Every structure is written in structure tokens, then in C-alpha cells.
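Visitor: Residue numbers (this note's numbering): 256 to 320.
Using N, Cα and C, we set each Cβ at its ideal position, and we do this for glycine too.
The model shown is predicted, which means the values in this text are computed figures rather than measured ones.
Okay, here's the structure, questions in a sec.
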Amino acid sequence: MRYQGLHDLLASSNCTRQYFLSLPVAVQVALHEQDAYIHTAAQLRARAEAIEQYNNAVRISRLLW
256 MRYQGLHDLL ASSNCTRQYF LSLPVAVQVA LHEQDAYIHT AAQLRARAEA IEQYNNAVRI
316 SRLLW
């Protein structure tokens, strides 16, 4: 099902809300910043994974410097 944004998605789906709340706070904040671009649970999971991969890459690069 397609929703207007992340806020509507989380308000309408308990399962999706539980997944969202299991994410690190930094990822939750980043996802809220992308509210208008997240319309499905699949989009939420894909964006969360991309954010986590980016954050891990940044952490690794900082260790190398």
C-alpha cells in the first residue's frame, strides 16, 4: 500500500512502526528528513539500509584517517 509519506506510513502500520523504532536514532532522524520520499514499507527499508551503509562507510573512512 502507498502512503503520503513516512509519517502516514508509520501511523498506519504497526509492523512498519516497530521496524522503524528498532533502527538507531540517527537513522530514524535521517529517515524523518526524507518523509516526503518514503511512501511504502519497501522504500523505508531500502532507505534505512542505504543510510546505514553510508554511516558505516563514513565510520570506516574516519578510522583510516
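Rounded to the nearest angstrom, what separates Ala301 and Ile293 at their Cα positions?
Guide: Translated into the one-based positions of the sequence shown, residue 301 becomes position 46. Translated into the one-based positions of the sequence shown, residue 293 becomes position 38. Cα to Cα, the separation comes out at about 10 Å.
Visitor: What separation, rounded to the nearest whole angstrom, lies between the Cα atoms of Asp290 and Leu299?
Guide: Numbered from its first residue, the sequence shown carries residue 290 at position 35. Numbered from its first residue, the sequence shown carries residue 299 at position 44. For Asp290 and Leu299, the distance between alpha carbons rounds to 9 Å.
Visitor: Whole-angstrom Cβ separation of Ala281 and Asn310, contact assumed at under 8 Å?
Guide: By one-based count along the sequence shown, residue 281 stands at place 26. By one-based count along the sequence shown, residue 310 stands at place 55. Indeed, because the Cβ distance is near 7 Å, the residues count as touching under 8 Å.
Visitor: Between Ala303 and Leu286, is the Cβ-Cβ spacing less than 8 Å?
Guide: Numbered from its first residue, the sequence shown carries residue 303 at position 48. Numbered from its first residue, the sequence shown carries residue 286 at position 31. Closer than 8 Å, so yes.
Visitor: Around the C-beta of Leu264, are 16 or more other C-beta atoms found within 10 angstroms, so that it is buried, or is it exposed?
Guide: The count along the sequence shown starts at 1 and reaches residue 264 at position 9. Buried, by the Cβ-count rule.
Visitor: What does a CB cutoff of less than 6 Å around Tyr258 pick up in its chain, not counting 5 residues either side in sequence?
Guide: As a first step, residue 258 must be located in the sequence shown, where it is residue number 3. Taken in chain order, the residues that qualify are Leu264 and His294.
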